[in-house]
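I have placed the structure first, in the form of structure tokens, so that the comments after it can refer back to it.
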Amino acid sequence: MRVVVTGGGGFVGSHLCEALLRRGDTVCCLDNFCTGEPENVAHLRGAPRFRLLRTDVTEPFDVPGPVDAVAHLASPASPPDYHRLALQTLAVGSRGTENALRLAQRHGARFLLTSTSEVYGDPEVHPQPEEYWGHVNPVGPRSVYDEAKRFAEALAMAYRRSLGVDVGIVRIFNTYGPRMRPHDGRVVSTFVRQALAGRPLTLYGDGSQTRSFCYVDDLVRGLLAMLDSDRSGPVNLGNPSERTVRELAELVLRITGSPSRIAYRPLPVDDPTRRRPVINRAVEQLGWMPRVPLDEGLRRTVAWFATRSGPPLPRIPV
Ligand code: NAD
Ligand code: UDP
Numbered sequence: 001m002r003v004v005v006t007g008g009g010g011f012v013g014s015h016l017c018e019a020l021l022r023r024g025d026t027v028c029c030l031d032n033f034c035t036g037e038p039e040n041v042a043h044l045r046g047a048p049r050f051r052l053l054r055t056d057v058t059e060p061f062d063v064p065g066p067v068d069a070v071a072h073l074a075s076p077a078s079p080p081d082y083h084r085l086a087l088q089t090l091a092v093g094s095r096g097t098e099n100a101l102r103l104a105q106r107h108g109a110r111f112l113l114t115s116t117s118e119v120y121g122d123p124e125v126h127p128q129p130e131e132y133w134g135h136v137n138p139v140g141p142r143s144v145y146d147e148a149k150r151f152a153e154a155l156a157m158a159y160r161r162s163l164g165v166d167v168g169i170v171r172i173f174n175t176y177g178p179r180m181r182p183h184d185g186r187v188v189s190t191f192v193r194q195a196l197a198g199r200p201l202t203l204y205g206d207g208s209q210t211r212s213f214c215y216v217d218d219l220v221r222g223l224l225a226m227l228d229s230d231r232s233g234p235v236n237l238g239n240p241s242e243r244t245v246r247e248l249a250e251l252v253l254r255i256t257g258s259p260s261r262i263a264y265r266p267l268p269v270d271d272p273t274r275r276r277p278v279i280n281r282a283v284e285q286l287g288w289m290p291r292v293p294l295d296e297g298l299r300r301t302v303a304w305f306a307t308r309s310g311p312p313l314p315r316i317p318v
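If you count by the UniProt record's numbering, then the sequence shown holds residues 1 to 318, one letter each, in order.
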């Protein structure tokens, strides 16, 4: 397949580009690097089936040659990024998604939208099945991201229903792994960076809020399965193993052997209290299930961060 990956220079996108190349596909990676890093795809740049185009997808764009699939990942994704890039986040969720949909329409290509568990907001239904419509504050600080993704889902479904574009939507739950930016502000990257540096782990609120963390390799298998299917979704992709954020902090401390303490900080506005995917649909429709347990995924992530950060690891228990 010839696949266009928007946001291919980001954390998830770079792993997806790699996986597509590994199975023999041709990849055109589009990114403006507002939150991604050229370094994430630097090792792919010599590959004959890989092409990187520095592109802002909020402006109309085309790519050379035929296209079989468009995987639309472009969007700031961490809370500090989308707060800092509020207007850009709304623009890429709306105009950027429409430009990517138009590309798919012109080429008769499959279109994959990477939506988010944030469409469920602070959920009143737990765990979250795809049938749940969500509980989002439309004017709160997180709304630039949540509502952009909700709009993107509506737009993608309208392109499917009205224009016959082969659209598939996945809703991704918290994903972690190598190539997260150490300072992106997300909880896993922050705790790992702080633990490796011997700095206090900044725990927001009392740490009783929950998340379900999925290792990036598992997520990428799910993205490929959805890309290859003709399902419209939405399909949740996430690891149903739910943890409190406090448990995560303790696990990171154990894995790194760090002497860091936990420092409590105020809970951000509208921070969802709990989140856990129902993944029956992914299992039944895509034959997908996460495989990497949190402690194993964290070990791999810590090992990767350790090769990049200055201060040496105090100790990694095996
Ligand atoms: P990321 O910030 O690492 O990657 C996003 C990429 O999109 C970056 O490389 C960025 O430069 C690029 N981008 C942003 N706006 C752009 C624009 N206008 N034009 C071109 N490129 C642009 O984030 P990520 O974690 O890799 O997330 C990838 C996708 O998955 C996002 O759409 C995000 O909403 C979704 N998602 C991720 C998670 C997660 O836990 N990582 C959870 C839910 C959904
Ligand atoms: N969090 C935290 N300390 C940090 C960063 C985040 O305690 O340094 C908390 C945050 O308040 C939230 C959870 O960890 O409850 C997950 O945050 P993240 O930004 O990774 O993802 P999201 O809130 O978008 O699920």
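Don't be surprised by glycine CBs; every beta carbon is placed ideally from N, CA and C.
The model shown is predicted, which means the values in this text are computed figures rather than measured ones.
Practice item. Out of Arg161, Ala195 and Gly108, point me to the one whose CA is closest to Pro182's CA. Key: Ala195
Practice item. Go ahead and pull the three-state DSSP assignment for Val220. Key: helix
Check your understanding: Of the residues Thr301, Asp122 and Trp288, which one's Cα is nearest the Cα of Leu224?
Key -> Trp288
Check your understanding: Does the ligand NAD have even one heavy atom less than 6 Å from the beta-carbon of Val12?
Key -> yes
Review point. Do you know how far the Cα of Tyr204 is from the Cα of Arg265?
Key: 5 Å
Practice item. List the residues that DSSP assigns as beta-bridge partners of His135. Key: Gly121
Practice item. Report the rounded CA-to-CA distance for Arg95 versus Glu59, giving the unit in angstroms. Key: 8 Å
Check your understanding: Under 7 Å, do Ile169 and Glu147 count as touching if we go by C-beta distance?
Key -> no
Practice item. Consult DSSP for Gly168 and reduce its assignment to one of helix, strand or coil. Key: strand
Exercise for review: State buried or exposed for Gly65, treating a residue as buried only when at least 16 other CB atoms are found within 10 Å of its CB.
Suggested key: exposed
Practice item. Quick one: residues in its chain with C-beta nearer than 8 Å to the C-beta of Gln209, no 5 flanking neighbours on either side, listed in chain order? Key: Thr244, Val245, Leu267, Asp271, Pro272, Thr273 and Arg274
Point to revise | Residue span of the alpha helix (DSSP H) that contains Asp146, given as start and end | key: Ser143 to Leu163
Exercise for review: Consult DSSP for Gln209 and reduce its assignment to one of helix, strand or coil.
Suggested key: coil
Review point. Is the closest heavy atom of the ligand NAD to the C-beta of Val116 under 6 Å?
Key: Rather than Val, the amino acid found at residue 116 in this sequence is Thr. Flag set: Cβ of Thr116 near the ligand NAD.
Review point. Taking 6 Å as the line, does the beta carbon of Val245 fall inside it for any heavy atom of the ligand UDP?
Key: yes
Exercise for review: Look up Leu313 in the DSSP assignment and say whether it is helix, strand or coil.
Suggested key: The pLDDT assigned to Leu313 is 41, lower than 50, so where the model puts this residue is not dependable; a value taken from the coordinates is nonetheless given after this. Leu313: coil per DSSP, three-state reduction.
Exercise for review: Please confirm if the region 129-143 is in contact with the region 177-193, defined as three or more CB-CB distances below 8 Å between the two stretches.
Suggested key: no
Check your understanding: What residue range is occupied by the uninterrupted beta strand (DSSP E) comprising Ile279?
Key -> Element bounds for Ile279: n/a, residue is neither H nor E.
Review point. Would the beta-carbon of Tyr204 be found less than 6 Å away from any heavy atom of the ligand UDP?
Key: yes
**Study point:** Those residues which DSSP pairs with His6 across a bridge
**Key:** Reading the sequence as shown, one finds Thr at residue 6 and not His. Paired residues: Leu30 and His72.
Practice item. With a threshold of 16 other CB atoms inside 10 Å of the CB of Pro277, please say whether the residue is buried or exposed. Key: buried
Check your understanding: Does the Cβ-Cβ distance between Ala109 and Ala69 come in under 7 Å?
Key -> yes
**Study point:** Candidates Pro290, Pro240 and Ala197, of which the one nearest Thr307 by Cα
**Key:** Ala197
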